[in-house]
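J.: FYI, the numbering for the sequence shown is 0 to 137, going by numbering that gives the first Met the number 0.
C-beta: ideal position from N, C-alpha, C; glycine also.
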Amino acid sequence: MTETPAKPKPRPAPESLPYWQAAKEHRLALPKCEDCAQFWFPPSRTCPHCLSTNFSFQTVSGRGKVFSFVTFHRVYRPAFAGDVPYVVALVELEEGPRVLTNILGMSHEDVCCEMPVEVVFDDYDEDISVPKFRPLAG
Ligand SMILES: [Zn+2]
0 MTETPAKPKP RPAPESLPYW QAAKEHRLAL PKCEDCAQFW FPPSRTCPHC
50 LSTNFSFQTV SGRGKVFSFV TFHRVYRPAF AGDVPYVVAL VELEEGPRVL
100 TNILGMSHED VCCEMPVEVV FDDYDEDISV PKFRPLAG
């Protein structure tokens, strides 16, 4: 028997530290511009809408809808062998930004575009929790 290798651990960049700190607390937080009031993702040092550096991380609803998705049937990394088939989706949040993520909690065959979803946190270890999504309850 060979041991399954661990999945790669996300390594936060300086500009995304507040995002990962919030995720660790099971909150989804995105940068919001203080000048033009827009959210964006992924985190960066300037607002991509108006280039302002005046922003802060705000907790968002965690709700959105599937914008697009693909289903991976092939094992590209041995660490993910137990997960195939799995869904990689672009989820459009209620606040506007789209995030690249996984859809959990349902068969890959039932995932569809426009499907309402909510964030759920996949705890990698005590330092890192990865925001993923599941069908919206109710
Ligand atoms: Zn802005």
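Just how far apart, CA to CA, sit V119 and R133?
T.: For the purposes of this step, residue 119 is identified with residue 120 of the sequence shown, where counting begins at 1. For the purposes of this step, residue 133 is identified with residue 134 of the sequence shown, where counting begins at 1. V119 and R133: Cα-Cα distance of roughly 7 Å.
J.: Is it right to say P7 is buried, meaning 16 or more other beta carbons lie within 10 angstroms of its own, or is it exposed?
T.: Taking the first residue of the sequence shown as position 1, residue 7 is located at position 8. So P7 counts as exposed.
J.: So, with DSSP's three-state summary, where would you put L92?
T.: Taking the first residue of the sequence shown as 1, we reach residue 92 at position 93. Of the three classes helix, strand and coil, the one that applies to L92 here is strand, per DSSP.
J.: My output table needs one value for D109: the three-state DSSP class, helix, strand or coil.
T.: The residue labelled residue 109 in the question sits at position 110 within the sequence shown. If DSSP states are grouped into helix, strand and coil, D109 belongs with the helices.
J.: For the beta strand (DSSP E) containing L99, list its first residue and its last residue.
T.: Sequence index remark: in the sequence shown, residue 99 carries index 100 (1-based). Per DSSP, L99 belongs to the beta strand (DSSP E) from R97 to N101.
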